[in-house]
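With positions in the sequence shown counted from 1, the corresponding number in the numbering used here is that position plus 181.
We put the beta carbon where it would ideally sit given N, CA and C, even for glycine.
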Amino acid sequence: MTDIKVPILDLKAQYATIREEVQAAIERVMESQYFILGPEVEALEREIADYSGCKFGIGVSSGTDALLVSLMAVGIQPGDEVITTPYSFFATAGAIVRLGARPVFVDIDLDTLNLDANRLEAAVTPRTRAILPVHLAGQTAEMDPVMAVAERHNLFVIEDACQALGADYHGRRAGSIGHLGCFSFFPSKNLGGAGDSGMVVSNDPALADRVKLLRNHGHRPKYYNQAVGGNFRMDALQGAILRAKLPHLESWTAARRRNAALYRELFLKAGLASEDPARRAGMPVVLPAEAGWGRHIYHLFQIRARRRDELMAHMKAQGVGAEIYYPVPLHLQACFADMGYRAGDCPTAECAAAETLALPIYPELTTAQMERVVQVVRDFFQDSAE
Ligand SMILES: Cc1ncc(COP(=O)(O)O)c(C=O)c1O
182 MTDIKVPILD
192 LKAQYATIRE
202 EVQAAIERVM
212 ESQYFILGPE
222 VEALEREIAD
232 YSGCKFGIGV
242 SSGTDALLVS
252 LMAVGIQPGD
262 EVITTPYSFF
272 ATAGAIVRLG
282 ARPVFVDIDL
292 DTLNLDANRL
302 EAAVTPRTRA
312 ILPVHLAGQT
322 AEMDPVMAVA
332 ERHNLFVIED
342 ACQALGADYH
352 GRRAGSIGHL
362 GCFSFFPSKN
372 LGGAGDSGMV
382 VSNDPALADR
392 VKLLRNHGHR
402 PKYYNQAVGG
412 NFRMDALQGA
422 ILRAKLPHLE
432 SWTAARRRNA
442 ALYRELFLKA
452 GLASEDPARR
462 AGMPVVLPAE
472 AGWGRHIYHL
482 FQIRARRRDE
492 LMAHMKAQGV
502 GAEIYYPVPL
512 HLQACFADMG
522 YRAGDCPTAE
532 CAAAETLALP
542 IYPELTTAQM
552 ERVVQVVRDF
562 FQDSAE
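Right, dumping it as structure tokens:
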């Protein structure tokens with residue numbers, strides 16, 4: 182058992198199960214010699230929009246560009262404020278700052294690692310234009326209070342659903358709840374392409390049309406520019422490959438959820454974690470919480486662990502993958518130093534950045550591999566006198 186290796190992600194294992202379908206998709210594009218936007222991207226736009234409970238999908242060049250073009254589409258200007266979470270991938274805040282706007286970071290809830298909706302209202306100022314909640318790790322933020330605050334103050338809501346394609350919130354799909362939703366198809370995502378791409382989804386025809394216009398330099402028709410957009414176009418190869426993979430997404434999600442349930446069982450059985458709210462925090466490992474408002478698609482399985490950095494080093498030395506998403510909360514990033522945020526401004530995000538550790542959760546993991554992960558964690562806490 183000790184020689185079992187467990188990578189954090191194994192895309193080769195997935196590819197082995199879908200090789201013919203992906204090869205056929207690539208061949209289709211090569212035969213068509215139609216490489217940018219076009220029929221494959223249009224078909225994927227319909228399929229992802231349907232999958233996400235939206236009327237419109239606009240294929241773009243990355244999740245980062247999905248966020249940027251969405252913020253452009255709702256008219257974010259220099260000096261505007263956009264409320265968001267300090268605990269996310271850099272692009273969430275980067276897209277806001279690239280437009281000259283200010284990210285206003287609201288601390289997170291330690292159980293879900295998503296925006297703490299109770300703190301939202303207090304962050305609204307006369308300059309606030311939008312809220313950008315992130316559905317981190319595959320579980321949606323608490324969207325009812327987000328939408329209520331947005332309605333009261335006439336704000337746009339752009340969902341960063343880059344990690345949450347197929348997650349639900351009270352029966353609604355991630356990306357379909359706000360005005361615009363953003364997805365990433367980065368190769369490591371639950372639905373990942375063979376390179377960069379992303380998508381914006383919406384139920385609002387005017388906003389969807391604006392995103393479509395801005396995606397391609399604001400041309401309409403070509404060479405007649407109605408607005409200053411960019412080159413945010415999706416490649417046809419990504420469209421075709423993602424279409425080949427999309428029919429498998431539900432079974433991959435089910436496998437991720439089964440893996441999460443097995444981890445829970447194994448950690449509890451090993452005495453490393455507890456489900457008792459009174460004892461949970463005192464254990465070496467705190468398991469990720471399911472908020473109960475809809476399907477968690479487990480893009481990541483993030484535990485919180487005592488002596489996290491030492492544990493990660495131990496796991497890696499034993500051939501078990503583990504990663505930190507994310508070691509520095511956004512309000513403390515060096516490039517944002519002039520915004521005036523200080524350590525202590527978002528204590529819960531700072532605590533999460535110091536304690537979370539993502540374990541392998543990809544669909545093709547075997548039971549033996551998951552048992553190995555938990556055994557390596559148990560060995561670490563047993564061998565090191567606490
Ligand atoms: C929460 C979040 N936002 C934005 C992005 C940016 O997506 P991309 O890497 O496709 O630009 C990612 C993924 O990397 C992400 O996880």
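- In terms of CA proximity to M328, E340 leads the group E340, G379, Y444.
- Taking C-beta atoms as the reference points, A247 and V255 fail to come closer than 7 Å.
- Counting along the chain, the unbroken beta strand (DSSP E) around Q483 starts and ends at 482–486.
- Taking the Cβ of V338 as the reference point, every heavy atom of ligand 1 lies at 6 Å or farther away.
- A straight line joining the alpha-carbon of C363 with that of R283 spans about 19 Å.
- At least one heavy atom of ligand 1 falls within 6 Å of the beta-carbon of Q344.
- For Y444, the secondary structure class from DSSP, reduced to helix, strand or coil, is helix.
- Counting other Cβ atoms within 10 Å of its Cβ, N371 reaches 16 or more and is therefore classed as buried.
- In this model, V409 and P314 are separated by some 26 Å (Cα to Cα).
- Looking at E201, Q550, Y506, the one whose alpha-carbon comes closest to that of F271 is Y506.
- A straight-line Cα-Cα distance of about 37 Å links D325 and L418.
- Bounds of any beta strand (DSSP E) do not take in V327; it lies within the alpha helix (DSSP H) bounded by 324–334.
- Looking from the CA of I189, the closest CA among V555, V501, A535, G525 belongs to V501.
- In this structure, the alpha-carbon of G352 lies about 7 Å from that of G475.
- For the 7 Å CB-CB criterion, H495 and A318 do not form a contact.
- Between A276 and V287, the CB-CB gap reaches or exceeds 7 Å.
- Residue side-chain check: G379 places its Cβ nearer than 6 Å to a non-hydrogen atom of ligand 1.
- A274 is positioned such that its CB atom lies no closer than 7 Å to that of L546.
- The residues L453, A454, S455, in chain order, have a CB closer than 7 Å to that of M464 in the same chain once the five nearest residues on each side in sequence are set aside.
- The secondary-structure analysis by DSSP pairs V382 across a beta bridge with G238, G362.
- Counting along the chain, V263 sits inside the beta strand (DSSP E) bounded by residues 262–265.
- The residue from D385, H400, E212, D519 with its alpha-carbon nearest to that of F337 is D385.
- Within the model, the alpha-carbon separation for R559 versus T529 is close to 26 Å.
- When DSSP reads this structure, Y350 sits in a beta bridge with R353.
- If only complete runs of 3 or more residues are kept, the stretch 467–524 shows the beta strand (DSSP E) at 482–486, in order along the chain.
- Going by C-alpha positions, N412 is about 46 Å away from E552.
- Measuring C-alpha to C-alpha distances from A421 to each of Q214, D184, I185, K193 identifies Q214 as the nearest.
- The closest heavy atom of ligand 1 lies less than 6 Å from the beta carbon of V315.
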